[in-house]
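Working notes, structure below.
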Amino acid sequence: MTPKPFPWRKLTPSQVALMERLAAENDGIPISRLEYRELLALDELQKLGFVESRANRRKLLAFLTPRGRELKADGYRTDLVILRITGPQIDLLKFLKDGPIEDSVGQPMTALSGALYDVCRRMTLRGWAEWYPGWNGKQWARLTPAGFEVLNAVGAHEHTVIQFDTLRRRRGTT
37 MTPKPFPWRK LTPSQVALME RLAAENDGIP ISRLEYRELL ALDELQKLGF VESRANRRKL
97 LAFLTPRGRE LKADGYRTDL VILRITGPQI DLLKFLKDGP IEDSVGQPMT ALSGALYDVC
157 RRMTLRGWAE WYPGWNGKQW ARLTPAGFEV LNAVGAHEHT VIQFDTLRRR RGTT
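For the sequence shown, position 112 (counting from the first letter as 1) is numbered 148 according to our numbering, and the numbering increases by one without interruption.
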């Protein structure tokens, strides 16, 4: 069963990297110099109000907002829902969990269906999974430490829901 979307209240590694880069540049960064991964993080951070873009002569520049600077000063701790991890993303995280990240573990690219491959691509852009060359010359996908953190939080949430449901059923029968 695919779980409901899980609310994630922590910035992704890609979002943190972009905020660090923007904080280092007081004059802003031209959006044309951002990588695709950073553009996706920029879009998510703009929706949350941590980053804004302004036109400066002939360039569109990205800046941290005062709210973004405040978040950085607080160590990126927030109570806002940064994004919702969907059921297919949770399923992929569970699929990729195959052992310690130091070893050559994960799943070969050929083991992923088209839909899972697209979900995995999105997870690599967020910094929760990564591609690496496998032992047989093919690309493999594995979880990063941030991906394990997300998976552990989802697992703890699912465990709590199961415990609550069990208690509710016991009280209903007695």
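From the three backbone atoms N, C-alpha and C, an ideal C-beta is built for every residue, glycine too.
Please read all numbers here as calculations on a predicted model, not as lab measurements.
- Straight across, the Cα-Cα distance linking residue 178 with residue 152 is about 13 angstroms.
- As for any alpha helix (DSSP H) of minimum length 4 sitting wholly inside the segment 61-149, the runs are 72-84, 102-109, 123-132, ordered along the chain.
- In its chain, beyond the 5 residues on either side, 97 have a beta carbon closer than 8 angstroms to the beta carbon of residue 91.
- In this structure the segment 44-52 lies against the segment 156-165, because at least three pairs of beta carbons, one per stretch, are closer than 8 angstroms.
- The DSSP-derived three-state label of residue 181 is helix.
- In the same chain as residue 120, and ignoring 5 residues on each side of it, the C-beta atoms closer than 8 angstroms to its own belong to 41, 42, 43, 44, in chain order.
- In the structure shown, residue 49 adopts helical secondary structure according to DSSP, grouped into three states.
- One alpha carbon belongs to residue 83, the other to residue 115, and they sit about 15 angstroms apart.
- With distances taken between CA atoms, residue 85 lies nearest to 117 out of 131, 133, 117.
- An exposed status is given to residue 197, since fewer than 16 other beta-carbon atoms sit within 10 Å of its beta-carbon.
- Residue pairing by DSSP places residue 199 in no beta bridge whatsoever.
- Residue pairing by DSSP places residue 169 opposite 175 in a beta bridge.
- The C-alpha of residue 175 is placed about 30 angstroms away from the C-alpha of residue 81.
- In this structure, the beta-carbon distance from residue 158 to residue 199 does not fall below 9 angstroms.
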